[in-house]
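Have a look at the structure below before the remarks.
2 protein chains.
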Amino acid sequence: MVRWQPGAPERLQKAALELFATRGFEQTTAAEIAEAVGLTERTFFRHFSDKREVLFQGQQVLVQAFLDGVAAAPPESSPLEVVASGLRSATSLFVDERRAHSRARQSVIDRNPGLQERERHKMTTLATTVADALRARGVDELAATLAAESGVTVFGIAFTQWLRDGEERSLTAIANGVFGELLDLAGKAGVSRENP
Amino acid sequence: MVRWQPGAPERLQKAALELFATRGFEQTTAAEIAEAVGLTERTFFRHFSDKREVLFQGQQVLVQAFLDGVAAAPPESSPLEVVASGLRSATSLFVDERRAHSRARQSVIDRNPGLQERERHKMTTLATTVADALRARGVDELAATLAAESGVTVFGIAFTQWLRDGEERSLTAIANGVFGELLDLAGKAGVSRENP
DNA sequence: CGCCTTCACGTCAGCCGCTGTCATCACTAG
DNA sequence: CTAGTGATGACAGCGGCTGACGTGAAGGCG
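Chains as they are written, first to last, in this note's numbering: chain R, 1 to 196; chain G, 1001 to 1196.
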């Protein structure tokens, strides 16, 4: 006789998403989530540092994918080219089968300011980590920060588009387009700066 | 005989910053802040929606300044040029006399993850507002979002540099340099994209 | 002058997020 | 068989935050 069912964190995450989707985030207590899978509130907080985190655990694989892409870039690449490589690696994680789940999750986040705060925080963490990786490649601090932040911005915009109703392109394709648009915008502003 | 001293929100903000700086954010209760200025915890939460907000009220003037700069840009400007105009307007708010206060405030924020989350959230709000202003000028959504987000990123990086020890340039000058570096980075990535 | 409304605040009760502490008990190494 | 190990339960407690209600000074108005 097993004393506990395995996979407590995963079960909690699943139950939390379902409850948040139906009742709303604030109307769901941590104790209710725990009870839904036969655990106690105290155990919930042993697996997740706070109530919001139950929706964000798993972002580490995204960070790692981005980093892998950065590492895969040729040594002579410019900072933004390195970031683009990370972007391709990170976006390739989000295959089409994950779109429905991502939509449900994002819908919950979009309805709660506190969750949006946490999401931005995670993106910032990602940007900081990527910037560190760039500096480790020899990129100076300002360029590294700018390139990393821009890459994460592109990811965020592309991800939002990926979840839109009717969107069928892959996240990688969308991100590539957004990245190109960014270069385009900078190009337009750049020429007018050179010829004022 | 006046029943209450005027300027309760300002007094609370001042006391909060001082207490946060000495004891730390988490070690300071809302009741203590209120008591320090002769008020109750309940009144604290009447002026600030939550404990963190006491450090962020006042960001509205920054948003407005950014918007004013956007509105002041010539109609034929490219999206990033419009954003650069907003950037100049926003950064001009931070005169040298404010540097000490900004440093103290930032020091408190940098020591608490929850406050960092809130700060990022405020920056995102700013970016969204600027993007709306750009779209109102006829910029398409993707370009508006990218340009606004890039502008806020530049602001954030420049602001951090402005607060560094030994830094003596104006925030506007720093932001202008960071903005130029962004265009430069994009230029380098752009040419290699055209000639792969 | 008296009355009445407004408005900023106080008081109180209470929920919930989150934490420290200690006990419990299947499982495992020896 | 015994001594951990590790995930969980039970419980007490603090602090953030809210709703409801009361209170008194300031100001408008007849």
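Glycine residues also receive a C-beta, built at the ideal position from the N, C-alpha and C atoms.
Taken atom to atom, the span from the alpha-carbon of residue 147 of chain R to that of residue 1066 of chain G is near 23 Å. For residue 1085 of chain G, the uninterrupted alpha helix (DSSP H) run begins and ends at 1079 to 1091, by DSSP. Assignment of residue 31 of chain R by DSSP, reduced to helix, strand and coil, places it in the helix class.
Around the beta carbon of residue 1117 of chain G, a 10 Å sphere encloses 16 or more other beta carbons of the protein chains shown; the residue is thus reported as buried. Collapsing the DSSP output to three states places residue 6 of chain R in coil. Residue 1068 of chain G is not a Cβ neighbour of residue 1170 of chain G, given a cutoff of 9 Å. Contact between the stretch 1074 to 1093 of chain G and the stretch 184 to 192 of chain R is present, with at least three C-beta pairs closer than 8 Å. Neighbourhood of residue 168 of chain R in chain G, by CB distance below 7 Å: empty, with the nearest CB roughly 17 Å away. Nearest Cα to residue 6 of chain R within the set R:101, R:29, R:103 and R:39: R:39. When the beta-carbon positions are compared, residue 55 of chain R and residue 34 of chain R stay at least 9 Å from each other. In the three-state scheme derived from DSSP, where H, G and I count as helix and E and B as strand, residue 1038 of chain G is classed as coil. In terms of CA proximity to residue 14 of chain R, R:44 leads the group R:27, R:3, R:44 and R:26. The contact set of residue 1043 of chain G on chain R, defined by CB atoms closer than 7 Å, is empty, because the minimum CB distance reaches about 23 Å. Taking a C-beta distance under 9 Å as the contact criterion, residue 1091 of chain G and residue 1155 of chain G qualify as a contact pair. Here residue 1162 of chain G has 1171 and 1174 as same chain residues with Cβ atoms under 6 Å from its own Cβ, once five neighbours each way along the sequence are excluded. Per the coordinates, the alpha-carbon of residue 165 of chain R lies some 34 Å from the alpha-carbon of residue 47 of chain R.
The residue from R:88, R:102, R:19 and R:99 with its alpha-carbon nearest to that of residue 151 of chain R is R:88. When C-beta distances to chain G are compared with 7 Å, the residues of the stretch 143 to 157 of chain R below that value are 143, 145, 146, 147, 149, 150, 153 and 157, in chain order.
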